[in-house]
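> Here you go, one structure.
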Amino acid sequence: MTLKGDLETVDLPGVMGMVAENQKTGIFTVRRGMEEKKLYFKKGRLIFASSTNENEKLGEVLQSNGLISRDKLLEVRKEQSSVSSQRLGMLFLEKGLISHDDLVSGLKAQVNSIILSLLEWWGGNFEFVEGDIPLPGGISVGFDLKGIILKAIDSADEWSRVRSRIPEMEGIPRLCPSLPSGAKKATISDEQ
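In this text, residue positions in the sequence shown follow UniProt numbering: the first is 1, and each later residue adds one.
Following this line, the structure appears as structure tokens:
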């Protein structure tokens, strides 16, 4: 089975949900310009994702989550490109730079990032090709696709509220020494 379509005319979460509900195995590829994201499904379960976006590569995700230093990332990438065709996460693991739990945590963060960004795309094309998948890594993790999509929808709702209150999204925020009259004090958690 092969599914193809245009993101402007198709409900992407619905198509991904259909692949999951029908327990399909294959690769779901989405392209927009030069950027490409791939979701790997096995019996309807999302087990891996990849992206050509540099910010969504595993090394960048591990670094941004404080699990690996920039220096170590560059060092291992250099070794990977010159000597080994092994996956970056597995090299980090073998060198003792991260734990297995750190790798799984990084993979989960990477997949979340890829899907959340994918759900923001308004243009591009998708294709799902059913069949056995050559998994491009040594570790696969099962992901809650429905949970990730619901999180993305919730995040989109929050952004629409933010956009409705900010007149220009291109503006540069700055700190004010005191609150303007009528403004309410807000607190922000570390997660936000």
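A virtual CB, placed ideally from N, CA and C, is assigned to each residue, including glycine.
So which of GLY124, GLU35, PHE92 and LEU119 has the shortest CA-CA distance to MET16?
Position 16 of the sequence shown holds residue 16. Among GLY124, GLU35, PHE92 and LEU119, the Cα nearest to that of MET16 belongs to LEU119.
> With which residues is LYS4 paired in a DSSP beta bridge?
Within the sequence shown, the letter at position 4 stands for residue 4. LYS4 pairs with GLU127.
> Counting Cβ pairs closer than 8 Å, one from the segment 94 to 109 and one from the segment 2 to 17, do we hit at least three?
Touching, no, given that fewer than three Cβ pairs across the two stretches are closer than 8 Å.
> What do you reckon, are the CB atoms on LYS38 and THR52 nearer than 7 Å?
Indexing the sequence shown from 1 puts residue 38 at position 38. Indexing the sequence shown from 1 puts residue 52 at position 52. Not closer than 7 Å, so no.
> Since LEU116 and ALA152 are thought to touch, with beta carbons under 8 Å apart, how far apart are those beta carbons, to the nearest angstrom?
Locating residue 116 in the sequence shown gives position 116, counting from the first residue. Locating residue 152 in the sequence shown gives position 152, counting from the first residue. At roughly 5 Å, the Cβ-Cβ gap stays under 8 Å, so LEU116 and ALA152 are in contact.
> Drop a sphere of 10 angstroms on the beta-carbon of SER69, count the other beta-carbons inside from all chains shown, and report buried for 16 or more, exposed for fewer.
Position 69 of the sequence shown, counted from the first residue, corresponds to residue 69. Looking at its Cβ environment, which holds fewer than 16 other Cβ atoms inside 10 Å, SER69 is exposed.
> What number of angstroms, rounded off, separates the C-alpha of GLN86 from the C-alpha of MET1?
Start at 1 with the first residue of the sequence shown, and residue 86 comes out as number 86. Start at 1 with the first residue of the sequence shown, and residue 1 comes out as number 1. If I take the Cα positions, the gap works out to 31 Å.
> How is the alpha helix (DSSP H) around ARG70 delimited, first residue to last?
In the sequence shown, counting from the first residue as 1, residue 70 sits at position 70. That run of the alpha helix (DSSP H) goes 70 to 82.
> If LEU88 sits next to GLY59, beta carbons under 8 Å apart, how far is it from one beta carbon to the other, in whole angstroms?
Looking up residue 88 in the sequence shown gives position 88. Looking up residue 59 in the sequence shown gives position 59. Contact annotation, LEU88 with GLY59: C-beta distance approximately 5 Å; criterion of less than 8 Å satisfied.
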